[in-house]
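Peer 1: First, the structure itself, so that you have it in front of you.
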Amino acid sequence: MNKAIKQSIVATIILGTTALYATNGDNLIGLGAKSRGMGGIGIGMSHGAESGLANPAMITSIKSTEISFGGTVFMPDVSYNAGAGYQQSDADLNVIPEVSIASKIDENLYIGIGIWGTAGMGTDYRNDTTGTTMQMVTNLQLMQFGIPVAYKYNGLSLGVTGIMQYGALDINYQNSGSNVGAGFAQDIAFGYSVGAAYDFANLGVSGLTLGAVYKSAIEMDYNDQLTNATAPFDSFGVTGIPQQLEQPAEYGAGISYNFNAHTVAFDYKRILWSDAKGYENFGWEDQNVYVLGYQYASTDWQVRLGYNYAKNPIDELDWMVNGGAALNMFNLLGFPATIEQHYTVGGTYAFNEKFSFDAAFVYAPEVEENFTSADTNGPFEIGSKHSQSSITLQANFTF
Numbered sequence: 002m003n004k005a006i007k008q009s010i011v012a013t014i015i016l017g018t019t020a021l022y023a024t025n026g027d028n029l030i031g032l033g034a035k036s037r038g039m040g041g042i043g044i045g046m047s048h049g050a051e052s053g054l055a056n057p058a059m060i061t062s063i064k065s066t067e068i069s070f071g072g073t074v075f076m077p078d079v080s081y082n083a084g085a086g087y088q089q090s091d092a093d094l095n096v097i098p099e100v101s102i103a104s105k106i107d108e109n110l111y112i113g114i115g116i117w118g119t120a121g122m123g124t125d126y127r128n129d130t131t132g133t134t135m136q137m138v139t140n141l142q143l144m145q146f147g148i149p150v151a152y153k154y155n156g157l158s159l160g161v162t163g164i165m166q167y168g169a170l171d172i173n174y175q176n177s178g179s180n181v182g183a184g185f186a187q188d189i190a191f192g193y194s195v196g197a198a199y200d201f202a203n204l205g206v207s208g209l210t211l212g213a214v215y216k217s218a219i220e221m222d223y224n225d226q227l228t229n230a231t232a233p234f235d236s237f238g239v240t241g242i243p244q245q246l247e248q249p250a251e252y253g254a255g256i257s258y259n260f261n262a263h264t265v266a267f268d269y270k271r272i273l274w275s276d277a278k279g280y281e282n283f284g285w286e287d288q289n290v291y292v293l294g295y296q297y298a299s300t301d302w303q304v305r306l307g308y309n310y311a312k313n314p315i316d317e318l319d320w321m322v323n324g325g326a327a328l329n330m331f332n333l334l335g336f337p338a339t340i341e342q343h344y345t346v347g348g349t350y351a352f353n354e355k356f357s358f359d360a361a362f363v364y365a366p367e368v369e370e371n372f373t374s375a376d377t378n379g380p381f382e383i384g385s386k387h388s389q390s391s392i393t394l395q396a397n398f399t400f
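Residue 2 is where the sequence shown starts when you use our numbering, and the numbers rise one by one after that.
Below you can see the structure in the form of structure tokens.
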């Protein structure tokens, strides 16, 4: 078992260098096939070892030791128009890995470990010959290594996950015949997630669970990537862009109710983009995320459905004020985090008491945004189209 764990973690680190997309801003809607199959549910409902980041208190549902590993094949479809018709981004296939492990130490104490690809985004227009995309290539990659610890007493569970986050950012494009950008900049920083859950069976209400979670902001320093990328637009009023890009704090609450073979769950969380360094400078707004999920469970299999909604965090800026024209361009061309709705389906099949397999499919319908940008000839309209689909596969072992 130890050899299998080590091999899974090494594979995750290797795959984690792949560029990836995400959907609530630049955050994945959920980590793991069970969560993604229910629209990202995970605050008020346990998914076993998979819950280590979403709500660490929820790992107390495991019976012994549980290992889950798998990945998501992510297929974004992004295009950009600045007057020459829509140009297609070549960043259209990515792999997002995850490994989750949790173990029951005694009747009260639980501990785990995991590595998850959690967030990122990017576009690739290097092969565009129209000149309207500046052949821009952007790539943000985020991976988190965490150790969840949880304590359970009667119906109350409390948990905390210490997080080490690895990030890499690359922005490069052509400007007046010169290349802007110097390759990937990387950083490692630390944060935490704290959660709580209460099972009302102790009070005679069987099947009802409430959960709450807070995840800290994590500040990443990317060696002047943002500063250098926006420097050519100083004359348009783009100033004060920091070298930090901070993954924002978020908080949320969830509820689930299980009756017979059915479970209905609802999560709410708020992502604080407007307080995060870097994102606030690009005008990103906070997101309210609403998730509704359903699960039907038989003896050997489960079926899941979900819906996730959050208004996209990118609002059009006034093109005549404080660099708004250039920032509108960067948001739609390089970082089009415009997806709002997700429809999900998933399932599990248990081959025996020790091994089960999960799958999930997520579809995000196309969102089109049109902003105003400008150059030395005056203002003009720019547009972005963005849709997504993804498949998540996951194997689970119980010891």
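Cβ atoms here follow ideal geometry from the backbone N, Cα and C, with glycine treated the same way.
1. From which residue to which residue does the beta strand (DSSP E) around L293 run?
2. Just mark E251 as buried or exposed, buried being the case when its beta carbon has 16 or more other beta carbons within 10 Å.
3. For G38, report the span of its alpha helix (DSSP H) as first-last.
4. Less than 7 Å separating the beta-carbons of D129 and Q88?
5. On the CB-based measure, 16 or more other CB atoms within 10 Å of its CB, does V11 come out buried or exposed?
6. Between D78 and S388, is the Cβ-Cβ spacing less than 7 Å?
7. Measure how close the beta-carbons of G208 and G196 come, nearest whole angstrom, since I'm counting them as under 8 Å.
8. Taking all protein chains shown into account, do 16 or more other C-beta atoms lie within 10 angstroms of the C-beta of H410, making it buried, or fewer, making it exposed?
9. What residues in its chain sit with their C-beta under 6 Å from that of T231, if we drop five residues either side in the sequence?
10. For a test of the three-state rule: what should DSSP assign to D222, helix, strand or coil?
11. Tell me which residues share the same chain as L204 and place their Cβ nearer than 8 Å to its Cβ, disregarding the 5 neighbours each side in the sequence.
12. Alpha carbon to alpha carbon, what distance is there between S217 and T66?
13. Measuring alpha carbon to alpha carbon, tell me which of D276, A311 and A327 ends up nearest T339.
14. Apart from the five residues just before and just after F372, which ones in its own chain have a Cβ nearer than 7 Å to its Cβ?
15. Write down the C-beta distance between N309 and V292 rounded to the nearest angstrom, noting that I regard them as a contact closer than 8 Å.
16. Given a threshold of 16 other Cβ atoms within 10 Å of its Cβ, counted over all protein chains shown, does V206 qualify as buried or as exposed?
Peer 2: Looking at the atomic coordinates:
1. From DSSP, the beta strand (DSSP E) with L293 extends over Q288 to A298.
2. Classification for E251: buried.
3. Where G38 is concerned, the enclosing alpha helix (DSSP H) stretches over A34 to G38.
4. Yes, they are a contact pair.
5. Here V11 scores only 44 on pLDDT, less than 50, and its place in the model is too uncertain to base an answer on.
6. With respect to S388, D78 sits close: the two C-beta atoms are nearer than 7 Å.
7. Actually they do not touch by this definition, with Cβ atoms about 20 Å apart.
8. Here the chain comprises residues numbered 2 to 400, so residue 410 is not present and cannot be evaluated.
9. If we look at T231 and ignore the five residues flanking it on each side, its Cβ neighbours are V239 and I242.
10. Residue state for D222 is assigned as strand, using DSSP reduced to three classes.
11. Short of 8 Å from the beta carbon of L204, and not among the five residues preceding or following it, lie these beta carbons of its own chain, in chain order: G156.
12. Straight-line Cα distance between these residues: approximately 27 Å.
13. The residue with the shortest Cα to Cα distance from T339 is A311.
14. Only residues of its own chain outside the window of five on either side were considered, and among them E317, N329, L333 and I383 have a CB closer than 7 Å to the CB of F372, listed in chain order.
15. Rounded, the Cβ-Cβ distance is 5 Å, consistent with contact.
16. Under this definition V206 is an exposed residue.
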